[in-house]
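Below is one structure, written out as structure tokens; comments come after it.
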Amino acid sequence: MAVKATKFDHVAITVSDTQKSLDFYVGKLGLRQVEQHALEGDKVDEAMVFRAHGHSPPD
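Numbering (the numbering used here), first residue to last: 13 to 71.
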């Protein structure tokens, strides 16, 4: 039996260069950067960008 997806909540993408990726997703695709921070204790930088049809996160 096939499952029909009608919507999704979020997608996570691992990248090697956070700033270069933000330049693409924000600058080229028009997504809005919601937040960015480094995760404590890890060499990980996390950025959240947002684009939705009909709804947006609270400001």
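Note that the Cβ used here is the ideal one computed from N, Cα and C, for glycine as well.
Looking only at its chain, what residues have a beta carbon closer than 8 Å to the beta carbon of residue i, apart from the 5 residues adjacent to it on each side?
{"i": "Val61", "result": "Leu34, Tyr37, Val38, Leu43, Arg44, Gln45 and Val46"}
{"i": "Leu51", "result": "Asp57 and Glu58"}
Might you give, ordered along the chain, the residues of its own chain that have their beta carbon closer than 6 Å to the beta carbon of residue i, omitting 5 neighbours on each side?
{"i": "Gln48", "result": "Ala59"}
Just list the residues that DSSP pairs residue i with in beta bridges.
{"i": "Val61", "result": "Gln45"}
{"i": "Val56", "result": "Leu51"}
Rounded to whole angstroms, what's the CA-CA distance from residue i to residue j? Just pull it up for me.
{"i": "Thr30", "j": "Lys19", "result": "26 Å"}
{"i": "Lys40", "j": "Ala17", "result": "27 Å"}
{"i": "Ala24", "j": "Met13", "result": "27 Å"}
{"i": "Thr26", "j": "Lys55", "result": "13 Å"}
{"i": "Ser28", "j": "Val15", "result": "33 Å"}
{"i": "Asp21", "j": "Lys32", "result": "24 Å"}
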